[in-house]
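Undergrad: Residue numbers (this note's numbering): 44 to 480.
Okay, handing you the structure first.
Written as structure tokens, this is what we have:
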């Protein structure tokens, strides 16, 4: 009995299926209840009013719709759209979307629910084949979309499960025995990190500790970009903690690269992030040299020539400026004495510094320096910082007591990265030196 009933509803509209209509079990209970009423009425049980109510029920629709909300015709509410559109009814329905009555059938359902003595404003007609065909096609399309989404979800879950399995056996970790204060441990920096930067912080901590959290194993790295060196470094780290099965020279090279990333690149990167001002430049260079000295000889032989060649912050005026801004009294005193020596032996309290132009070249640096005053030889040709040339000798001496206050200019900005990216993209379209000119 249920199957023919459902078939009739589906013929009327392809959308008439659960959950728009009730489930089979609920329909069976409705039919059973109605049958019991019919039996009681036929046996003369109940009063006349109950019998008339049952007879009236027989004339109306056997309603198996889930939604029982009231439907109102446009003509009943004096709606301005009355007779001007295909659907001339309204429904104030709070049911979930998947349980709502199809808008096309609202007027018919209203007529079937309210008809009396077998008469209603609308009667059943032949099947609307074009509309039914359209609804069946839409239903199939929705089912295909649902199946694709389900398959996509299953594949994603399988990929995640596979990646979890690969990250379970992690054999390649550095020793975590280190009492040094991490440059990345400042909360101010951690809260301000982007997704890639946060990933760098977490994977560095994981490699140092020897434990990879599941949440880290499931994270994705941003796309590789020549202007974003961080993402390239992170891929080396990701390969290192994965089950890569590399051997021999390739594994040795990977280890050297990751050791450099964890031991030099990332600490230096976060150090710059923590202290981004221009006066911190010489300190960053000093910190970099200290980190490089902890690397293997083969790495030092590669990195130190590059560090010497690009040590622009090792220029004497930059080093002296950093010393004057230092919290260390000894460094400030030493810097003041060097600058006074530059100005000459006969120093007047009102004497100013030399602000003329000078040639700019990278000086030789001491790769074994442990403090700023050792970074370059301050006994050789030394230049006075531009910001102190406007200070008198007496004002300069006062800096021995308190650090010098300077404008807060960043040593590196996001706009610089954008320019690097733009130049990289432009260079990618030009392959010869002649064309680049």
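Here a beta-carbon is modelled for each residue, glycine too, at the ideal position from N, C-alpha and C.
A quick note: this is a predicted structure, and the numbers were derived from the prediction, not measured.
1) Cβ of residue 149 less than 8 Å from any chain D Cβ?
2) On the DSSP bridge assignment, give the partners of residue 132 in chain order.
3) Between residue 300 and residue 352, what straight-line distance do the alpha-carbon atoms span, to the nearest angstrom?
4) Looking at C-beta atoms only, is the number of pairs between the segment 283–290 and the segment 323–332 that lie closer than 8 Å three or more?
5) The alpha helix (DSSP H) that contains residue 78, what's its start and end?
6) Under three-state DSSP, which class holds residue 453?
7) Do the CB positions of residue 435 and residue 395 come within less than 8 Å of each other?
8) Express the C-alpha separation of residue 365 and residue 447 in angstroms, rounding to a whole number.
9) Going by the CB atoms, is the gap between residue 439 and residue 383 shorter than 8 Å?
10) Taking Cβ positions, are residue 56 and residue 145 nearer each other than 8 Å?
11) Could you check which residue in 257, 88, 111 and 142 has the C-alpha nearest to that of residue 59?
12) Taking 8 Å as the threshold (C-beta atoms), are residue 152 and residue 101 in contact?
13) Assuming residue 312 is part of the alpha helix (DSSP H), what are its boundary residues?
14) Please report the distance separating the alpha-carbon of residue 297 from that of residue 180.
15) Residue 225 to residue 335, Cα distance in whole Å?
16) Looking at the unbroken alpha helix (DSSP H) that takes in residue 244, where does it start and where does it end?
17) Considering only C-alpha positions, which residue in the set 370, 409, 369 and 196 is nearest to residue 348?
18) Write down the C-beta distance between residue 305 and residue 250 rounded to the nearest angstrom, noting that I regard them as a contact closer than 8 Å.
19) Does the distance from the CB of residue 84 to the CB of residue 158 come in under 8 Å?
20) Once the 5 residues before and after residue 427 are set aside, which same chain residues still bring their CB inside 8 Å of it?
21) In angstroms with no decimal places, state the Cα-to-Cα distance between residue 342 and residue 303.
22) Select from 443, 407 and 67 the residue whose C-alpha is nearest the C-alpha of residue 368.
23) Could you give the DSSP three-state label for residue 144: helix, strand or coil?
24) Starting from residue 322 and walking both ways along the alpha helix (DSSP H), at which residues does that stretch end?
25) Which one of 255, 419 and 413 has the shortest CA to CA distance from residue 407?
26) Measure the C-alpha to C-alpha separation of residue 247 and residue 441 and round it to an integer number of angstroms.
27) According to DSSP, is residue 305 helix, strand or coil?
28) For the alpha helix (DSSP H) that contains residue 50, what are its first and last residues?
29) Check residue 64 in the structure and name its three-state DSSP category.
30) Below 6 Å CB to CB, which residues in the same chain sit around residue 218 once its five sequence neighbours on both sides are set aside?
31) Could you check the C-alpha separation between residue 156 and residue 173 for me, to the nearest Å?
32) Going by DSSP in three states, residue 344 sits in which element: helix, strand or coil?
33) Grab the span of the alpha helix (DSSP H) containing residue 384 for me, first residue to last.
34) Report the three-state DSSP secondary structure of residue 442 (helix, strand or coil).
35) Here's a check: name, in chain order, each residue in its chain whose Cβ is nearer than 7 Å to the Cβ of residue 222, leaving out the five neighbours to either side.
TA: Reading it off the structure:
1) Here there is only one protein chain, and chain D is not present.
2) Looking up residue 132 in the chain shown gives position 89. For residue 132, which the question treats as bridged, DSSP gives the partners 116.
3) For the purposes of this step, residue 300 is identified with residue 257 of the chain shown, where counting begins at 1. For the purposes of this step, residue 352 is identified with residue 309 of the chain shown, where counting begins at 1. Using only the alpha carbons, I get a separation of about 21 Å.
4) no
5) Residue numbering aside, residue 78 sits at position 35 when the chain shown is read from its first letter. Taken as a continuous stretch (DSSP letters only), the alpha helix (DSSP H) holding residue 78 covers 67–85.
6) As a working note, residue 453 is residue 410 in the chain shown. DSSP places residue 453 in strand when its eight states are reduced to three.
7) Here residue 435 corresponds to residue number 392 of the chain shown, with the count starting at 1. Here residue 395 corresponds to residue number 352 of the chain shown, with the count starting at 1. Cβ distance < 8 Å, so residue 435 and residue 395 count as in contact.
8) On the chain shown, residue 447 is found 404 positions in, with the first residue counted as 1. On the chain shown, residue 365 is found 322 positions in, with the first residue counted as 1. Roughly 9 Å between the two C-alpha positions.
9) Residue 383 sits at position 340 when you count from the first residue of the chain shown. Residue 439 sits at position 396 when you count from the first residue of the chain shown. Their beta carbons are under 8 Å apart, which means residue 383 touches residue 439 by this criterion.
10) As a working note, residue 56 is residue 13 in the chain shown. As a working note, residue 145 is residue 102 in the chain shown. In this structure, residue 145 lies closer than 8 Å to residue 56 by Cβ.
11) To locate residue 59, count along the chain shown from 1; it is residue 16. Checking every option, the nearest Cα to that of residue 59 belongs to 142.
12) Within the chain shown, the letter at position 58 stands for residue 101. Within the chain shown, the letter at position 109 stands for residue 152. Against a cut-off of 8 Å, the Cβ pair of residue 152 and residue 101 comes out as no contact.
13) Taking the chain shown and counting its residues from 1, the one referred to as residue 312 is at position 269. Here the alpha helix (DSSP H) through residue 312 covers 309–317.
14) As a position in the chain shown, residue 297 is number 254, starting the count at 1. As a position in the chain shown, residue 180 is number 137, starting the count at 1. C-alpha separation (whole angstroms): 55 Å.
15) Counting from 1 along the chain shown, the entry for residue 225 is found at position 182. Counting from 1 along the chain shown, the entry for residue 335 is found at position 292. Note on residue 225: pLDDT 48, under 50, position unreliable in the model; no value is reported.
16) Position 201 of the chain shown, counted from the start, is the residue given in the question as residue 244. Element bounds for residue 244: 238–252.
17) The sequence position of residue 348 within the chain shown is 305, counting from 1. When only C-alpha atoms are compared, the closest one is 409.
18) Within the chain shown, numbered from 1, the residue matching residue 305 stands at position 262. Within the chain shown, numbered from 1, the residue matching residue 250 stands at position 207. So it is a contact: roughly 6 Å between Cβ atoms.
19) Here residue 84 refers to the residue found at position 41 when the chain shown is read from its first residue. Here residue 158 refers to the residue found at position 115 when the chain shown is read from its first residue. Contact flag unset, no.
20) Counting from 1 along the chain shown, the entry for residue 427 is found at position 384. Excluding positions up to five away in sequence, the list reads 360, 363, 382, 385, 386, 396 and 397.
21) What you label residue 342 is simply residue 299 of the chain shown in a count that begins at 1. What you label residue 303 is simply residue 260 of the chain shown in a count that begins at 1. Their backbone Cα atoms lie some 8 Å apart in a straight line.
22) The sequence position of residue 368 within the chain shown is 325, counting from 1. Checking every option, the nearest Cα to that of residue 368 belongs to 443.
23) One-based indexing of the chain shown puts residue 144 at position 101. Residue 144 falls in the coil class under three-state DSSP.
24) As a first step, residue 322 is located in the chain shown; it is residue number 279 there, counting from the start. Here residue 322 belongs to no alpha helix (DSSP H), and DSSP marks it neither H nor E.
25) Walking along the chain shown from the start, residue 407 turns up at place 364. Residue 407 has its Cα closest to that of 419, out of 255, 419 and 413.
26) Your numbering for residue 247 matches position 204 in the chain shown. Your numbering for residue 441 matches position 398 in the chain shown. Each residue's alpha carbon lies about 43 Å from the other.
27) Along the chain shown, one-based indexing puts residue 305 at 262. It is helical.
28) Along the chain shown, one-based indexing puts residue 50 at 7. That run of the alpha helix (DSSP H) goes 45–55.
29) Within the chain shown, numbered from 1, the residue matching residue 64 stands at position 21. Strand, per DSSP.
30) Locating residue 218 in the chain shown gives position 175, where the first residue counts as 1. Because the pLDDT of residue 218 is 43, which lies under 50, any placement of that residue in the model is unreliable, and the number read from its coordinates should be weighed accordingly. If we look at residue 218 and ignore the five residues flanking it on each side, it has no Cβ neighbours.
31) For the purposes of this step, residue 156 is taken as the residue at position 113 of the chain shown. For the purposes of this step, residue 173 is taken as the residue at position 130 of the chain shown. Each residue's Cα considered, the two are about 26 Å apart.
32) Taking the first residue of the chain shown as 1, we reach residue 344 at position 301. Three-state result, residue 344: helix.
33) To locate residue 384, count along the chain shown from 1; it is residue 341. That run of the alpha helix (DSSP H) goes 372–386.
34) Start at 1 with the first residue of the chain shown, and residue 442 comes out as number 399. DSSP places residue 442 in coil when its eight states are reduced to three.
35) To locate residue 222, count along the chain shown from 1; it is residue 179. Unreliable positioning characterises residue 222 in this predicted model, as indicated by a pLDDT of 40, which lies under 50. A coordinate reading is not provided.
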